[in-house]
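Everything on this sheet refers to the single structure shown next.
2 protein chains.
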Amino acid sequence: MKLKLNAVNLGATSSSADIIFEALREAIVEGTMQDGDLLRQDQIATMFNVSRIPVREALARLEEQGLITNQRYKGAVVSSLSLDEISELFEFRALLESDVIRRSVERISDDTLEEAKDYAAQFARETDSNQWGRLNQQFHYTLYKDSNRPYHLQVISKALDNVGRYLRAQLVLTSGIDRARRQHAGILEAAIDRDAEAAAALTRDHILGASQSLIEFLEVERQKK
Amino acid sequence: MKLKLNAVNLGATSSSADIIFEALREAIVEGTMQDGDLLRQDQIATMFNVSRIPVREALARLEEQGLITNQRYKGAVVSSLSLDEISELFEFRALLESDVIRRSVERISDDTLEEAKDYAAQFARETDSNQWGRLNQQFHYTLYKDSNRPYHLQVISKALDNVGRYLRAQLVLTSGIDRARRQHAGILEAAIDRDAEAAAALTRDHILGASQSLIEFLEVERQKK
DNA sequence: CAATAGCATATTGGATACAATCTACAATAT
DNA sequence: ATATTGTAGATTGTATCCAATATGCTATTG
Numbered sequence: 004m005k006l007k008l009n010a011v012n013l014g015a016t017s018s019s020a021d022i023i024f025e026a027l028r029e030a031i032v033e034g035t036m037q038d039g040d041l042l043r044q045d046q047i048a049t050m051f052n053v054s055r056i057p058v059r060e061a062l063a064r065l066e067e068q069g070l071i072t073n074q075r076y077k078g079a080v081v082s083s084l085s086l087d088e089i090s091e092l093f094e095f096r097a098l099l100e101s102d103v104i105r106r107s108v109e110r111i112s113d114d115t116l117e118e119a120k121d122y123a124a125q126f127a128r129e130t131d132s133n134q135w136g137r138l139n140q141q142f143h144y145t146l147y148k149d150s151n152r153p154y155h156l157q158v159i160s161k162a163l164d165n166v167g168r169y170l171r172a173q174l175v176l177t178s179g180i181d182r183a184r185r186q187h188a189g190i191l192e193a194a195i196d197r198d199a200e201a202a203a204a205l206t207r208d209h210i211l212g213a214s215q216s217l218i219e220f221l222e223v224e225r226q227k228k
Numbered sequence: 004m005k006l007k008l009n010a011v012n013l014g015a016t017s018s019s020a021d022i023i024f025e026a027l028r029e030a031i032v033e034g035t036m037q038d039g040d041l042l043r044q045d046q047i048a049t050m051f052n053v054s055r056i057p058v059r060e061a062l063a064r065l066e067e068q069g070l071i072t073n074q075r076y077k078g079a080v081v082s083s084l085s086l087d088e089i090s091e092l093f094e095f096r097a098l099l100e101s102d103v104i105r106r107s108v109e110r111i112s113d114d115t116l117e118e119a120k121d122y123a124a125q126f127a128r129e130t131d132s133n134q135w136g137r138l139n140q141q142f143h144y145t146l147y148k149d150s151n152r153p154y155h156l157q158v159i160s161k162a163l164d165n166v167g168r169y170l171r172a173q174l175v176l177t178s179g180i181d182r183a184r185r186q187h188a189g190i191l192e193a194a195i196d197r198d199a200e201a202a203a204a205l206t207r208d209h210i211l212g213a214s215q216s217l218i219e220f221l222e223v224e225r226q227k228k
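Chain order of the listed sequences is S and E.
Quick note: the first sequence uses our numbering, first residue 4, plus one each step.
Quick note: the second sequence uses our numbering, first residue 4, plus one each step.
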């Protein structure tokens, strides 16, 4: 007989290391932890009420992602990116994301379009700047998801993690959010028209435009110091 | 006064975890360890004469790279890729590598061209199939290195790690190595002519061609089981 | 007083020890 | 005989402990 019980796969539960990794990753991506901030193993271990062992495993994975830098016997710091590195990351995203959206729009479903429309609307009306990063990402991701390119999406996601905290800074500039809204509308329209080439070109412009205004902003910002 | 001594940066020395990570990575990429092989922490620890702690950190990093898969309380196995996943990885490489070689050839130095020529010659005359993978990679890398795109190269490198063991299988097919030699000559010629577009197009064909013949090979191979 | 050496403390890297969980096989029941 | 339960050994996850190294302060020397 079939047991009537909503079971969860306990074998797939997260280890402490998984949970700590996710928490630290999010803190870095969201900007809660800033460039150059020190990560003390003991301090993190105490915060999560575990020993340093799982913390170290989480740190090893974060370093592999490029989010932190480890110096033997000295400790780990949140990586900081040079303007050149940031610029390269945006060009990387422009290349990949325009390719992915092209393939996605070619086969996009009506349901996915509805979902994207919804996120675009939420993004347009959201006033809390802390939500912008997440909503922006959800909008774009929705438009990519029918591409059937899981590896591409994973790589895009990692690249986004590495620029997330800088992107946020860019959106908070009022012109940043306004332009993002207009450009989202344009991309969405191209997707609705099933015009894959237009969607790809607009996505590319969207990313490179954000890059340019971010770089200009950071040049002034970093000059100050 | 300046001390006359060739010092090495001891602060940058590798931890045990680094060394174990590299060794395992190479074993997987080179195909010494096969798809589905189990990685026992204790066994690896004994081999390297350390405790399981650094082994676990190496495994955490390998999993982050996608080279192994970890199941809580069960252990780690070398990841195996479906034909779809392999196919996607080659398309990913085609996209990125053609972009990178385009930028690289635009500004390629004579020294770099000489180096590439040398690797192409070595690859053409090499009879030991164990060397093909390495020489193939060195040839391509040389042609990419003037691109000034370190992040792109790093991502390409990781993608290559994930298909390395399959690529090797493809090259060993006689038609694989022959075609690779011809195509390398073509790409090299385009680079010498500073024809970035041609180099990009040929690189793309080279990668997608290898993909197609590999997939055909694996379809037969996997059918057998 | 400046520069250096010596020392104390903090922090990381790794070994050992133990707890949680899995796996395979024996024991038992139907 | 087959299915289920119990148990032992193997393996992983984590805590605790020790060693190696870095950092900052104090003392000493010229």
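Ideal placement from N, C-alpha and C gives every residue a C-beta, glycine not left out.
Given V103/E as reference, the closest of D149/E, N52/E, R225/E once Cα atoms are compared:
D149/E
Mind reading off the beta-carbon distance from L86/S to L211/S? Whole number of angstroms is fine, and I expect it under 8 Å.
The Cβ separation is near 15 Å, so there is no contact.
Can you find a C-beta in chain S that's less than 8 Å from the C-beta of L221/E?
no
Assign P57/E to buried or exposed, taking buried as 16 or more other Cβ atoms, counted over all protein chains shown, within 10 Å of its Cβ.
buried
Given a cut-off of 8 Å, decide if I89/E and L217/E are closer than it, judged by their beta-carbon atoms.
yes
By a C-beta neighbour count over all protein chains shown, 10 Å radius and 16 as the cutoff for buried, is G39/E buried or exposed?
exposed
Beta-carbon neighbours of S18/E, restricted to chain S and to distances below 8 Å
R75
Does DSSP put I71/E in a helix, a strand or coil?
strand
Give the straight-line distance between the Cα atoms of L27/E and E117/S, rounded to the nearest whole angstrom.
46 Å
With DSSP as the reference, label L65/S as helix, strand or coil.
helix
Own chain partners of I159/S with C-beta closer than 8 Å, once the 5 adjacent residues on each side are dropped
R96, L99, E100, V103, Y147
Hey, out of T206/S, A172/S, E200/S, L65/S, whose CA is closest to A188/S's CA?
T206/S
Could you give the distance in angstroms between the alpha-carbon of D164/S and the alpha-carbon of L70/S?
8 Å
Which complete alpha helix (DSSP H) runs does the region 133-177 of chain E hold, if anything under 4 residues is left out?
153-175
Classify L211/E as helix, strand or coil using the three-state DSSP reduction.
helix
Closer than 9 Å at the beta carbon, the chain S residues around I56/E
I56, R59
Contact list for D198/S against chain E, beta-carbon separation under 8 Å
Those within 8 Å of D198/S in chain E number zero; the least Cβ separation is about 21 Å.
Closest Cβ-Cβ distance between R64/S and chain E: below 8 Å?
yes
Alpha carbon of D196/E to alpha carbon of D121/E, nearest angstrom
17 Å
Within 10 angstroms of its Cβ, does T145/S collect 16 or more other Cβ (buried), or is it exposed?
buried
Please list the terminal residues of the continuous beta strand (DSSP E) segment that includes V80/E.
78-81
Would you mind sorting M4/S into buried or exposed? The rule is 16 or more other CB atoms within 10 Å of its CB.
Low local confidence applies: a pLDDT of 45 at M4/S is under 50, so the model's placement there is unreliable, and no value is given.
I need the straight-line Cα distance from V81/S to A194/S, nearest angstrom please.
37 Å
With distances taken from CA atoms, which of R106/S, Q226/S, N139/S, G179/S is nearest A199/S?
R106/S
Does any CB atom of chain S fall closer than 8 Å to the CB of L102/E?
Strictly speaking, residue 102/E in this sequence is Asp, with Leu absent from that position. Yes, D102/E counts as interfacial toward chain S.
Taking a contact to mean a Cβ-Cβ separation below 8 Å, would you say F93/S touches A183/S in this structure?
no
Alpha helix (DSSP H) containing V32/E: first to last residue?
19-32
Could you check what DSSP says for L42/S in three-state terms: helix, strand or coil?
strand
For S216/E, three-class secondary structure by DSSP:
helix
Tell me which residues share the same chain as R64/E and place their Cβ nearer than 7 Å to its Cβ, disregarding the 5 neighbours each side in the sequence.
F24
Note down, in chain order, all residues in the region 157-172 of chain S with a beta-carbon under 7 Å from any beta-carbon belonging to chain E.
V158
Neighbourhood of L41/S by C-beta distance below 7 Å, restricted to the same chain and skipping five residues each side
G78, V80
Start-to-end residues for the alpha helix (DSSP H) that takes in E85/S
Correcting the residue type first, residue 85/S is Ser in the shown sequence and not Glu. That residue, S85/S, is in no alpha helix (DSSP H); it is neither H nor E in DSSP.
Candidates G179/S, V223/S, D208/S, of which the one nearest I190/S by Cα
D208/S
Checking contacts by CB at 8 Å: is Y154/S closer than that to chain E?
yes
Do W135/E and L176/E count as a contact pair if the criterion is CB distance below 8 Å?
no
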